[in-house]
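Inspection log for the structure reproduced underneath, given as structure tokens.
In the working numbering, the protein residues as written are 97 to 361.
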């Protein structure tokens, strides 16, 4: 009887410990939100990285490059046992995984990543950040399908599609319908399509019609928005203004994939 009671008590303690994991931690996420599986990089994708075959520590791979300034990329083990990429930056630093020599048939592709951000900027006013950036030939537009901005007039921090470097200028079309969520695993998908120069975004499998851009419908100067023929995709974090609050940023990314077809979450 004592053995039964001891086992029951141990089970209660274990259950309490599991229940105490903060929401959004790697050990307590929606199904599929952070745990990579053997099928997370199936054949036929344009690019895929689930970090499972990389040694912990600084990136050691020929599949992709690194673009950093006041930032680091580190492969580390999450609480569920899978490996993820941790991104750390200071103030307005940057740290990107860089996919070079990229080519998508018809200049049309989908992207997907699982993401958890510890905290978003609340200063300075209009602090602007990017997590995905696509560049290439034929247009100087730097396309930012996943990014956002702190809007002091609301106030709040919101996701938005944006661009820079081209005729449309520097813009982030943030939307109040897409508020950021801190310390929670989410799945982000995006589409870049040369047909009508369209950009679209899904969050946790749900499309947000406001997170889009096209030739004539975007947030920049009143000129056509023209996509480059994408040959480089960067995934990570960059913040463009200094004097930030907080002064450092941490995020974790997993299950990155680029594909000719939408993969879903």
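Every residue gets a Cβ at the ideal spot worked out from N, C-alpha and C, and that includes glycine.
In this text, all values refer to a predicted model and were calculated from it rather than measured experimentally.
If you draw a straight line from the Cα of residue 339 to the Cα of residue 138, it comes to about 42 Å.
In this structure, the beta-carbon distance from residue 204 to residue 329 does not fall below 9 Å. Taking a C-beta distance under 9 Å as the contact criterion, residue 279 and residue 212 qualify as a contact pair. A Cβ-Cβ distance of about 6 Å is found for the pair residue 252 and residue 275, placing them in contact under the 8 Å criterion. When DSSP reads this structure, residue 269 sits in a beta bridge with 257. The beta-carbon separation of residue 186 and residue 263, rounded to 33 Å, does not stay under the 8 Å limit for a contact.
Around residue 196, the same chain offers 160, 161, 327, 328 as residues with beta carbons nearer than 8 Å, after the five sequence neighbours per side are excluded. Shown here for residue 236: same chain residues with a beta carbon closer than 6 Å to its own, the five before and five after excluded, namely 261, 262 in chain order. The residues 180, 182, 212, in chain order, have a CB closer than 6 Å to that of residue 348 in the same chain once the five nearest residues on each side in sequence are set aside.
Just so you know, the alpha carbons of residue 210 and residue 351 end up roughly 6 Å apart. At a Cβ-Cβ threshold of 9 Å, residue 189 and residue 334 count as neighbours. Selection 246, 174, 206, 140 evaluated against residue 216 yields 246 as nearest (Cα-Cα). By the neighbour-count criterion, in which 16 or more other beta carbons inside 10 Å mark a residue as buried, residue 285 falls on the buried side. The beta carbon of residue 144 lies closer than 6 Å to those of 137, 353 in the same chain, with the five residues before and after it left out. Here residue 355 carries a strand assignment [DSSP, helix/strand/coil]. For the 9 Å CB-CB criterion, residue 266 and residue 256 do not form a contact.
Contact check for residue 273 against residue 306 passes: the beta carbons are separated by less than 9 Å.
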